[in-house]
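Q: Numbering (my numbering), first residue to last: 619 to 903. We put the beta carbon where it would ideally sit given N, CA and C, even for glycine. My structure is below; once you've seen it, I'll send some questions.
Encoded structure:
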């Protein structure tokens with residue numbers, strides 16, 4: 619299961635309670651696919667903040683040196699470099715099987731550990747059996763935000779305008795990371811069920827009041843999932859290795875053949891553009 623918005627938001631909140639102010643003491647990249655040398659320029663810098671953008675984790679890392687620390691003999695080239703140093707953003711995307719784990723003891727690294735960032739308070743491990751996760755360190759720069767951050771509210775009117783007369787199924791429209799960043803398969807199914815919208819509907823066919831239902835559904839489904847620290851239906855664990863609890867609130871996902879808790883109909887399953895899709899044919903129109 620690929621971590622979606624609630625799972626990534628959970629990790630970011632947990633990291634934000636630990637990392638700000640911590641200095642990066644070491645970065646070990648144990649998988650060359652992650653990019654050799656990516657972590658070297660982060661060493662000696664302090665963490666400023668951790669935040670989510672879509673399904674990725676962004677760690678803001680500050681300047682290594684301050685001008686006040688420089689001696690009068692510091693050469694001009696180094697001074698210029700320091701002045702231009704805006705810090706870095708380390709971006710982690712967990713993809714399909716990646717997860718983060720906070721290690722505070724001296725035990726050996728778990729299997730499939732691909733990255734280790736060491737701080738005085740502990741170690742941040744990236745564990746990824748299938749090696750799809752990515753890690754990049756880039757100089758800070760302005761990045762265009764996605765159209766919508768679903769955790770802050772979906773702009774129903776704007777989504778309706780973009781949908782226009784598109785034939786793209788509404789489920790895939792919600793999962794398009796260029797439009798709405800962070801929603802994946804689980805939460806698209808759950809949001810559309812809550813909104814009583816058939817996932818097969820062309821996105822351009824939804825009326826304004828239906829987009830408002832989608833907006834309201836996201837405002838219920840996503841914050842609750844974050845409060846539950848995500849959905850564990852396979853291998854998802856939070857930063858401390860604890861399962862999420864949102865699976866107890868799922869209404870359609872993985873419930874094919876079971877009774878719909880809203881209308882009493884039978885939950886259906888189908889492949890929609892190759893993605894498993896769960897919905898209630900009786901009450902989702």
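Just to confirm before moving on: does the CB-CB distance between residue 716 and residue 744 stay below 8 Å?
A: Yes, they are a contact pair.
Q: I need the boundaries of the beta strand (DSSP E) containing residue 661, first residue and last residue.
A: From DSSP, residue 661 is part of no beta strand (DSSP E); its letter is neither H nor E.
Q: Roughly how many angstroms separate the alpha carbons of residue 816 and residue 636, rounded to a whole number?
A: Whole-angstrom Cα-Cα distance: 42 Å.
Q: On the DSSP bridge assignment, give the partners of residue 674 in chain order.
A: In the DSSP output, where bridge partners are listed per residue, residue 674 has 671, 711.
Q: Start and end of the beta strand (DSSP E) containing residue 885?
A: Taken as a continuous stretch (DSSP letters only), residue 885 belongs to no beta strand (DSSP E), as it is neither H nor E.
Q: Would residue 725 be called buried (16 or more neighbouring beta carbons within 10 Å of its own) or exposed?
A: By the 10 Å Cβ count, residue 725 comes out exposed.
Q: So what's residue 829 in DSSP terms, helix, strand or just coil?
A: Here residue 829 sits in helix by DSSP.
Q: Quick check on the burial criterion: 16 or more other C-beta atoms within 10 angstroms. Buried or exposed for residue 643?
A: It is exposed - the Cβ of residue 643 has fewer than 16 other Cβ atoms within 10 Å.
Q: Flag this pair as yes or no: are the beta carbons of residue 780 and residue 808 separated by less than 8 Å?
A: Contact flag unset, no.
Q: Can you list, in chain order, the residues of its chain whose CB lies under 8 Å from that of residue 668, leaving out five sequence neighbours each side?
A: Correct list, in chain order: 630, 633, 634, 637, 638, 675, 676, 677, 678.
Q: Any contact of the stretch 782-793 with the stretch 649-660, i.e. 3+ C-beta pairs under 8 Å?
A: Cβ pair count under 8 Å is below three, so no.
Q: The alpha helix (DSSP H) that contains residue 791, what's its start and end?
A: Residues 788-793.
Q: Just to check my reading of the structure: residue 902 and residue 814 have Cβ atoms closer than 8 Å, yes? What is that Cβ distance to the nearest angstrom?
A: With a Cβ gap of about 6 Å, residue 902 and residue 814 count as contacting.
Q: Please give the ranges of any alpha helix (DSSP H) in the stretch 800-861, keeping only runs that are unbroken, at least 4 residues long and fully inside the region.
A: Within the stretch 800-861, the complete alpha helix (DSSP H) runs of at least 4 residues are 803-812, 826-845.
Q: So if DSSP puts residue 734 in a beta bridge, which residue, or which two residues, is it bridged to?
A: Answer by DSSP bridge pairing, in chain order: 646, 743.
Q: Excluding the 5 residues flanking residue 888 on each side, which residues of the same chain have their C-beta closer than 6 Å to its C-beta?
A: Result list for residue 888: 895, in chain order.
Q: Consult DSSP for residue 892 and reduce its assignment to one of helix, strand or coil.
A: DSSP places residue 892 in coil when its eight states are reduced to three.
Q: Closest to residue 653 by CA distance: which of 681, 666, 733 is it?
A: For residue 653, the nearest C-alpha among the options comes from 733.
Q: First and last residue of the alpha helix (DSSP H) that includes residue 781?
A: That run of the alpha helix (DSSP H) goes 774-781.
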